[in-house]
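Participant: Next up is a structure, given as structure tokens.
Protein chains: 2
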Amino acid sequence: MGPGPINADPRVLRAMSAQLVGQYDPAMTGYMNETMALYRQVFRTANEATLIVDGTSRAGIEAALVSLIEPGDVVLVPIFGRFGHLLREIAERCGAEVQVREREWGTVFTPAEIEEAIIQTRPKLLAIVHGDTSTTLAQPLDEIGEICARHGVLLYTDATASLGGNTFETDAWGIDVVTAGLQKCLGGPSGSAPITLSPRAVEIITARKSIEAGIRAEGDPVIAQPIRSNYFDLAQILDYWGPKRLNHHTEATSALYGARECAVILVEEGIPAAVERHRLHGTAMVHGLRALGLTLFGDQSVKMTNVVGVEIPAGIDGDGARAAMLGDYGIEIGTSFGPLHGRVWRIGTMGYNARRDTVLLTLAALEQVLRRGGVAVTGGSGVGAALDFYAGEATAA
Amino acid sequence: MGPGPINADPRVLRAMSAQLVGQYDPAMTGYMNETMALYRQVFRTANEATLIVDGTSRAGIEAALVSLIEPGDVVLVPIFGRFGHLLREIAERCGAEVQVREREWGTVFTPAEIEEAIIQTRPKLLAIVHGDTSTTLAQPLDEIGEICARHGVLLYTDATASLGGNTFETDAWGIDVVTAGLQKCLGGPSGSAPITLSPRAVEIITARKSIEAGIRAEGDPVIAQPIRSNYFDLAQILDYWGPKRLNHHTEATSALYGARECAVILVEEGIPAAVERHRLHGTAMVHGLRALGLTLFGDQSVKMTNVVGVEIPAGIDGDGARAAMLGDYGIEIGTSFGPLHGRVWRIGTMGYNARRDTVLLTLAALEQVLRRGGVAVTGGSGVGAALDFYAGEATAA
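So the protein lines, in turn, are chains A and B.
Numbering-wise, the first sequence is residues 1 to 397 according to UniProt numbering.
Numbering-wise, the second sequence is residues 1 to 397 according to UniProt numbering.
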């Protein structure tokens, strides 16, 4: 019940245990095509260029940034948590001239602030995190695409923490490139990074395409300034996932099976139903934590559905309490990074773990741990508040 | 029965279906430590810095090269197949001044040729493929480490295709950095790249360490020329796998389970026994193919145990024959790349597929496909030669 990775859906684990098939077996290329179609639904996009990068979610981020950024490009990164710093760092390593704007952790940017920063810095690319798990908040993006389009700026966002459990609209919000991971609301293991690219992004990237000498044919162009990475060269990866099937890496078959099954499950449930499930159980958790006397962290009006931060109460050993949760009850909760390390616990309700039983068990165990840690708690208060909330929702429904 | 990926060992698939645990759960960090210890045995090394890069085998290559190479460094790449071209390409993208030497596909370099190239180019790093699946040959490396040490050159090799099925001695051969993948002799899925780094390589890499702003503490140094990739920054990855457990990516848990099980199986069997098993079944396949009248490709004195190339006979449709093998018999065999595409078939006997039944079945099916493709074959010749070979080996043993 931490901020992710979480328990995987058993269906995903079962899918991953299927025997491998060859890289160009029609069954395998068929799975690849199915996976592309499924993730178009997950990302809510018509982008043909929707596929999986073989690596963890930050592999997806780096693939997007290194393929889009040419050394010297101006990239604007609004930072409101740890993963904004990560975007800055990756963009810097890609050779970008990075401009940052920072908000205090626990807040997000207004559209006007972002537009002002665009006017001041004139970037080629705006790179911004959607949900930053470090603070539990999601940057509203529904107005940002229009602002970027008006100023001729490409828009990239990292939706690892939010996708599948929070409303996310790639096309309706006008986002050029989105990357994600499986280990949050999608209910799978870390190791696969779904990505979608708009036709405009594809055009920029394919203009930088360089074909490997070992498989180059006569007449293929040689690019003077190729993408700085081979593994993350989306121009090549698009040719591997596309009808050309030009050999690049050897697709991680088991991971592909897992990524495909995560999307199958989500599409079967329906994206709006999955978002509603995350809202329901996330809110129940919030009610329970408040009733235990805990103070929530950050601007709750923009909190993600699937994770909540609470201030660690005075007098209790935060890491000791987390160790007790794990050692005595088998439940993991997280702390956070940088300025929030040791100050905030983060508790997730996401993917397969966004369930009533997990919420109630976590609250019951936390009550015991808080009490033994010397925090005054009213017996049954957390579980009671969550149950009352569930009852109210059931009546309203 | 292609050149890899191959069928995974069912034990590996079962290991991968275990439920996830949290990133810093003592069970998880325990698995990580066990995996490091196991791969020290697989690589035949005492290197503390032995771990898994989360990505396919070329992710391991890129992690090694981008972490070792500073822009402007001279890197020497002797090329004897497609994957040598890949090393060149990745090194170029890392900003290296790459010097290449090329041998005709189907041959390898002599130690003297490599020493001469070192003297001519004075590289910081020699990057060379061990077994290049594109040609089925393995470059002998047992004398190369000593040559590199004498000239103060770092030695990197890609052992993806060979490790676990051919003799490979990281420490005894004096190799600084080795990377691999699971999808060949290790009997697992693509998606994890084992890597080992000598203390000298670790020293070079950690001198370039830059800690992410989002988790940087006061007093941590800021490096002017950090490693060009964040995802492949081995200095950071070493801190994640080491006792500091400094957060980097979220470890791909299922893939780790798989990588660990591959090594458990190999260490249980014993590395020499596994190499001998690959030799036995690889040689049986060779006898069978020759008896079917096929001509082997390349210098057989340096052929890898686990894959063999044969010239596609005149008059037969090579791709049609491969399609018949897959469609009618469920057996995949490969062609090759570049100059060998459509000229050579590659047939593997590796990992879980290095078995007597797979060899005999493949030969039986290939006989049928050759005959129907218009190639004159003597009924039972391939299977018979393989059976005779097995019988001879059993008598000798």
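Glycine included, every Cβ here is placed at the ideal spot set by N, Cα and C.
(1) Tell me which residue opens and which closes the beta strand (DSSP E) that B/TYR156 is part of.
(2) Any C-beta of chain A sitting closer than 8 Å to the C-beta of B/GLN225?
(3) Mind pulling the chain A residues with CB within less than 7 Å of B/MET32?
(4) Taking just the CA atoms, how far does A/ALA149 sit from B/ILE90?
(5) Compile a chain-ordered list of the residues in the segment 167-196 of chain A whose CB is closer than 7 Å to at least one CB of chain B.
(6) When DSSP labels each residue in this structure, what does B/THR50 get in the three-state scheme?
(7) Let me check you understand the geometry: is the CB of A/GLY152 closer than 7 Å to at least one non-hydrogen atom of the ligand SAH?
(8) Locate the beta strand (DSSP E) running through B/TRP241, then write down its first and last residues.
(9) Just to confirm, is the Cβ distance from B/ALA37 to B/VAL53 under 8 Å?
(10) Check A/PRO78 in the structure and name its three-state DSSP category.
(11) With distances taken Cα to Cα, identify the nearest neighbour of A/VAL98 among A/GLU116, A/ILE119, A/GLY72 and A/VAL383.
(12) Excluding the five sequence neighbours on either side, which residues of its own chain have a C-beta within less than 8 Å of the C-beta of B/GLU70, listed in chain order?
(13) For a quick check, are the C-beta atoms of B/GLY282 and B/THR349 less than 8 Å apart?
(14) Does the segment 164-177 of chain B come into contact with the segment 193-202 of chain B, if we say contact requires no fewer than three beta-carbon pairs (one atom in each stretch) closer than 8 Å?
(15) Buried or exposed for A/SER301, going by 16 or more other Cβ atoms inside 10 Å?
(16) Interface residues of chain A around B/TYR231 at Cβ under 7 Å?
(17) Mark B/LYS303 as exposed unless 16 or more other C-beta atoms lie within 10 angstroms of its C-beta, in which case mark it buried.
(18) Just the chain B side, please: which residues come within less than 7 Å of A/MET16 by C-beta, in chain order?
(19) Whose CA, out of B/LEU65, B/ARG346, B/THR378 and B/GLU367, lies closest to the CA of B/THR135?
(20) Using only alpha-carbon positions, find the residue among A/ILE331, A/LEU340, A/ALA314 and A/GLY334 that is nearest to A/VAL375.
(21) From the beta carbon of A/LEU13, is the nearest beta carbon of chain B less than 8 Å away?
(22) Helix, strand or coil for A/PRO313? Go by DSSP, reduced to three states.
(23) Please tell me whether A/ARG11 and A/ILE271 are closer than 8 Å, where the distance is taken between their beta carbons.
(24) Using a Cβ cut-off of 8 Å, pull out every chain B residue sitting near A/ASP328, in sequence order please.
(25) Please determine if the segment 20-40 of chain B and the segment 244-256 of chain B are in contact, where contact requires at least 3 C-beta pairs separated by less than 8 Å.
(26) Taking 8 Å as the CB-CB limit, is B/ARG279 close to chain A?
(27) CB-CB under 8 Å to B/ARG279, same chain, minus the five flanking residues each way: which ones, in chain order?
(28) For B/ALA138, which beta-bridge partners are listed by DSSP?
(29) Can you name, in chain order, every residue of its own chain whose Cβ lies under 6 Å from the Cβ of B/VAL202, other than the five neighbours on each side?
(30) Between A/ASN7 and chain B, is any beta-carbon pair separated by less than 8 Å?
(31) Can you round the beta-carbon distance between residue 402 of chain B and B/GLY288 to whole angstroms, since I take them to be within the 8 Å contact cut?
(32) For B/VAL308, list the residues DSSP reports as bridge partners.
(33) Does chain B have any CB closer than 8 Å to the CB of A/ALA312?
(34) Going by DSSP, which residues form a beta bridge with A/GLN99?
(35) CA-CA distance, B/PRO111 and B/ILE147?
(36) Have a look at A/ILE144 and A/LEU154 and give me their C-alpha separation to the nearest angstrom.
Facilitator: This is what the structure holds:
(1) Counted from its first residue, the second sequence places residue 156 of chain B at position 156. 154-158 is the extent of the beta strand (DSSP E) around B/TYR156.
(2) On the second sequence, residue 225 of chain B is found 225 positions in, with the first residue counted as 1. Not closer than 8 Å to any Cβ of chain A, the Cβ of B/GLN225 fails to qualify, so no.
(3) Taking the first residue of the second sequence as position 1, residue 32 of chain B is located at position 32. The contacting residues do not exist; B/MET32 stays about 13 Å from chain A at best.
(4) Residue mapping note: residue 90 of chain B aligns to position 90 of the second sequence, counting from 1. Residue mapping note: residue 149 of chain A aligns to position 149 of the first sequence, counting from 1. Roughly 34 Å separates the two Cα atoms.
(5) GLN183, PRO189, SER190 and GLY191
(6) On the second sequence, position 50 is the one that residue 50 of chain B refers to. Reduced to three states, the DSSP call for B/THR50 is strand.
(7) The model depicted lacks the ligand SAH and carries no ligand whatsoever.
(8) To locate residue 241 of chain B, count along the second sequence from 1; it is residue 241. Here B/TRP241 belongs to no beta strand (DSSP E); instead the alpha helix (DSSP H) covers 234-241.
(9) Here residue 37 of chain B corresponds to residue number 37 of the second sequence, with the count starting at 1. Here residue 53 of chain B corresponds to residue number 53 of the second sequence, with the count starting at 1. No; because the gap between Cβ atoms is not below 8 Å, this pair is not in contact.
(10) Numbered from its first residue, the first sequence carries residue 78 of chain A at position 78. Three-state result, A/PRO78: strand.
(11) Mapped onto the first sequence, residue 98 of chain A falls at position 98. Comparing Cα-Cα distances from A/VAL98 to each of A/GLU116, A/ILE119, A/GLY72 and A/VAL383, the minimum goes to A/GLY72.
(12) By one-based count along the second sequence, residue 70 of chain B stands at place 70. Cβ within range, chain order: GLY95, ARG208 and GLN225.
(13) Against the second sequence, residue 282 of chain B aligns to sequence position 282. Against the second sequence, residue 349 of chain B aligns to sequence position 349. Yes, these two residues count as a Cβ contact at 8 Å.
(14) yes
(15) Position 301 of the first sequence, counted from the start, is the residue given in the question as residue 301 of chain A. Residue burial annotation: A/SER301 is exposed, with fewer than 16 other C-beta atoms found within 10 angstroms of its C-beta.
(16) Working through the second sequence from its first residue, we reach residue 231 of chain B at position 231. Those within 7 Å of B/TYR231 in chain A are GLY55, ARG58, ALA59 and GLU62.
(17) By one-based count along the second sequence, residue 303 of chain B stands at place 303. Its Cβ being crowded by 16 or more others within 10 Å, B/LYS303 is buried.
(18) In the first sequence, the residue the question calls residue 16 of chain A occupies position 16. Simply MET16, SER17 and SER254.
(19) Counted from its first residue, the second sequence places residue 135 of chain B at position 135. With distances taken between Cα atoms, B/THR135 lies closest to B/ARG346.
(20) Counted from its first residue, the first sequence places residue 375 of chain A at position 375. The option with the nearest alpha carbon to A/VAL375 is A/ALA314.
(21) For the purposes of this step, residue 13 of chain A is taken as the residue at position 13 of the first sequence. Judged by the 8 Å Cβ criterion, A/LEU13 is in contact with chain B.
(22) Taking the first residue of the first sequence as 1, we reach residue 313 of chain A at position 313. Residue state, collapsed to three classes: coil.
(23) As a position in the first sequence, residue 11 of chain A is number 11, starting the count at 1. As a position in the first sequence, residue 271 of chain A is number 271, starting the count at 1. Against a cut-off of 8 Å, the Cβ pair of A/ILE271 and A/ARG11 comes out as no contact.
(24) Counted from its first residue, the first sequence places residue 328 of chain A at position 328. Going along chain B, no residue has its Cβ under 8 Å from A/ASP328, so there is no contact; the nearest lies around 14 Å.
(25) yes
(26) Locating residue 279 of chain B in the second sequence gives position 279, where the first residue counts as 1. No, B/ARG279 does not count as interfacial toward chain A.
(27) Counting from one through the second sequence, the residue named residue 279 of chain B turns up at place 279. Excluding positions up to five away in sequence, the list reads THR305.
(28) Here residue 138 of chain B refers to the residue found at position 138 of the second sequence. Among the bridge pairs identified by DSSP, B/ALA138 is matched with B/GLY131.
(29) Your numbering for residue 202 of chain B matches position 202 in the second sequence. Result list for B/VAL202: ALA49, in chain order.
(30) Working through the first sequence from its first residue, we reach residue 7 of chain A at position 7. For A/ASN7, the nearest CB of chain B lies under 8 Å from its own CB, placing it at the interface with that chain.
(31) Limits of chain B in this structure are 1 at one end and 397 at the other, which puts residue 402 of chain B out of reach.
(32) Here the question's residue 308 of chain B lines up with position 308 in the second sequence. B/VAL308 is bridged to B/ILE347.
(33) For the purposes of this step, residue 312 of chain A is taken as residue 312 along the first sequence, with counting starting at 1. Ala is not the amino acid found at residue 312 of chain A; the sequence shown has Ile there. Cβ-Cβ to chain B under 8 Å: no for A/ILE312.
(34) For the purposes of this step, residue 99 of chain A is taken as the residue at position 99 of the first sequence. BP columns for A/GLN99 point to A/LEU76.
(35) Here residue 111 of chain B corresponds to residue number 111 of the second sequence, with the count starting at 1. Here residue 147 of chain B corresponds to residue number 147 of the second sequence, with the count starting at 1. Approximately 8 Å between the Cα atoms of the pair.
(36) Taking the first sequence and counting its residues from 1, one reaches residue 144 of chain A at position 144. Taking the first sequence and counting its residues from 1, one reaches residue 154 of chain A at position 154. Using only the alpha carbons, I get a separation of about 11 Å.
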